[in-house]
Amino acid sequence: MARISRISTLLSFPLLASVVPRTLALEVQQPLGWPGSLDVPSAVECISKISELDIFTPSTSGYNWASQPFNFRIATSPAVVVIPKLVQQIQDVVKCAASAKVNVTAKSGGHSYGAYGLAGDVVIDMMHINNLTLNGTGAAVVQTGNRLGSVAQGIFNNGNRRALPHGSCPYVGSGGHTLYGGFGYYGRIGGLMVDAVVGVELVLANGSLVTANSTLNQDLFWAVRGGGPSFGIVTAWTFQTVLAPSKTVNYNITFPNRLSISELVDSYIAWEKFAKTNASQALAMATLFVPVRGNNSTVDMSFVGNYYGNEADFRNEISKFNETLPPTARAKAQLKSSGELGWIEGLIVLAGNDGTLNVTKPPPS
Ligand SMILES: Cc1cc2nc3c(=O)[nH]c(=O)nc-3n(C[C@H](O)[C@H](O)[C@H](O)COP(=O)(O)OP(=O)(O)OC[C@H]3O[C@@H](n4cnc5c(N)ncnc54)[C@H](O)[C@@H]3O)c2cc1C
965 MARISRISTL LSFPLLASVV PRTLALEVQQ PLGWPGSLDV PSAVECISKI
1015 SELDIFTPST SGYNWASQPF NFRIATSPAV VVIPKLVQQI QDVVKCAASA
1065 KVNVTAKSGG HSYGAYGLAG DVVIDMMHIN NLTLNGTGAA VVQTGNRLGS
1115 VAQGIFNNGN RRALPHGSCP YVGSGGHTLY GGFGYYGRIG GLMVDAVVGV
1165 ELVLANGSLV TANSTLNQDL FWAVRGGGPS FGIVTAWTFQ TVLAPSKTVN
1215 YNITFPNRLS ISELVDSYIA WEKFAKTNAS QALAMATLFV PVRGNNSTVD
1265 MSFVGNYYGN EADFRNEISK FNETLPPTAR AKAQLKSSGE LGWIEGLIVL
1315 AGNDGTLNVT KPPPS
């Protein structure tokens, strides 16, 4: 138990920072630090001695690239960013940081809105820790440098049409995404990405590499699924994959003839009621609100989503939803659908339809 609380102290602020507003996170960050001194220079010196490790400090070229957040509104200035190629290097970096009582954060895809992957004095960028293997029972071992697009494509290709429930943006990291849940259109059937985790490999604050699953280190296995960054650097997840649905239909319902505010509100309420009562699990539907340029008094609303099944069943389900809309809104509704797609084609459409599961876009913004 002593070990867990020590780990928690070292690595806990990223967890809190990810679930509370940033201002509050900054307020609570101080008391959670190590008692005693934070000797950043000695941590950096120790790290600089690790062989064949890519290291970026404010005085080296490439630091701006390595420390750049996805969200340009946030300023980040870690003392050092390292990009390991081996798990052993991660263990060595953590040991250096722990002996100097310095905070460490891992960065997987870097898509934290709050740039929490760059919040430590020492940042470990997992981009090259990106192996992916599948066994015959559909269990996939996915190192956390893999982004969602690589995970989806990798398990589908290597595992004979295997799939996982996850978000629709292929460039989001499997590290942070899984740690905090990982929510996507397939979630109504498959749950969250974290629900598919059956094992985890992680580096603890003392530099040891441990496995946690339903029989080994059970308390850690429980804690890491939701509180991961407080307990260690996750190097690999083991996911139980499922057989991908053979057909999906992507669709949207727009209102080109704009809804009045009362039609919009009533349609939104109809959507909520439908979701709670009538909707088939195979029908995933999100509501989008887009501000209307030059008109502060209204917004455009649309319903977008995926159906996991064939076109005929989709038409049947979507017509049930249409029936619930207020009649005047129903008259304005325009349905567009993709027709039947395969699993990967469906993910590509959800990702923005540039023809691939691109893991490099979008650039920081
Ligand atoms: C454009 C965009 C689209 C998104 N779409 C979705 C979506 O469809 N569904 C959804 O649920 N969410 C979505 N998100 C949110 C996203 O899932 C979270 O922000 C997630 O935490 C990002 O993971 P990451 O690895 O890319 O981020 P990072 O910035 O690398 O990490 C995020 C947090 O996790 C920690 N962390 C990362 N890797 C590790 C590791 N290996 N070990 C320990 N700690 C680690 C970091 O320290 C940090 O606290 C989206 C975000 C963006 C920017």
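The sequence shown runs 965 to 1329 under our numbering.
Cβ coordinates follow ideal geometry from the N, Cα and C atoms, glycine included.
Beta-bridge partners of residue i, as assigned by DSSP
i	result
G1163	N1177, T1202
G1269	Y1215, M1249
Q1107	A1200
I1019	V1046
A1127	V1206
P1330	The question about residue 1330 has no answer here: the residues shown for the chain are numbered 965 through 1329.
Where the beta strand (DSSP E) containing residue i begins and where it ends
i	result
L1305	1298–1305
V1044	1044–1047
V1087	1086–1089
A1070	1068–1071
L1096	1096–1098
Simplified DSSP assignment, three categories, for residue i
i	result
L1168	coil
G1137	strand
V1051	helix
P1033	coil
I971	The predicted model places I971 with a pLDDT of 30, which falls under 50 and marks its position as unreliable; any figure quoted below should be read in that light. The answer is helix: DSSP assigns I971 an H, G or I state.
S1114	helix
V1323	coil
A1079	coil
Y1150	coil
T1142	helix
I1308	helix
D1318	coil
A1039	coil
K1059	helix
A1295	helix
F1195	coil
I1093	coil
N1221	coil
Residue i Cβ short of 7 Å to ligand 2 heavy atom set
i	result
S1072	No copy of ligand 2 appears in this structure; the ligands present are ligand 1.
Start and end residues, alpha helix (DSSP H) containing residue i
i	result
P1005	1004–1012
D1277	1275–1288
F1185	1182–1191
K1237	1225–1241
Residue j beta carbon less than 8 Å from that of residue i
i	j	result
M1090	L1128	no
V1066	A1103	no
G1084	P1042	yes
A955	V1058	Because residue 955 is not part of the residues shown, which for the chain are 965 to 1329, the question remains open.
L1062	G1171	The identity of residue 1062 in the sequence shown is Ala, whereas the question assumes Leu. Cβ atoms of A1062 and G1171: closer than 8 Å.
G1146	A1070	no
A1250	G1269	yes
L1002	P1033	no
Y1149	P1209	no
N1124	N1110	no
L1305	T1212	yes
T1142	E1227	no
T1262	V1198	no
V1136	V1164	no
L1223	Q1055	no
A1315	S1132	yes
L1321	G1113	yes
8 Å contact criterion, which residue i and residue j should meet: CB distance rounded
i	j	result
N1216	F1278	Actually they are not in contact, since the Cβ atoms of N1216 and F1278 sit about 13 Å apart, beyond 8 Å.
R1152	A1248	5 Å
E1281	G1303	Actually they do not touch by this definition, with Cβ atoms about 15 Å apart.
Q1053	I1014	6 Å
A1160	I1308	A1160 to I1308, Cβ: 18 Å. No contact.
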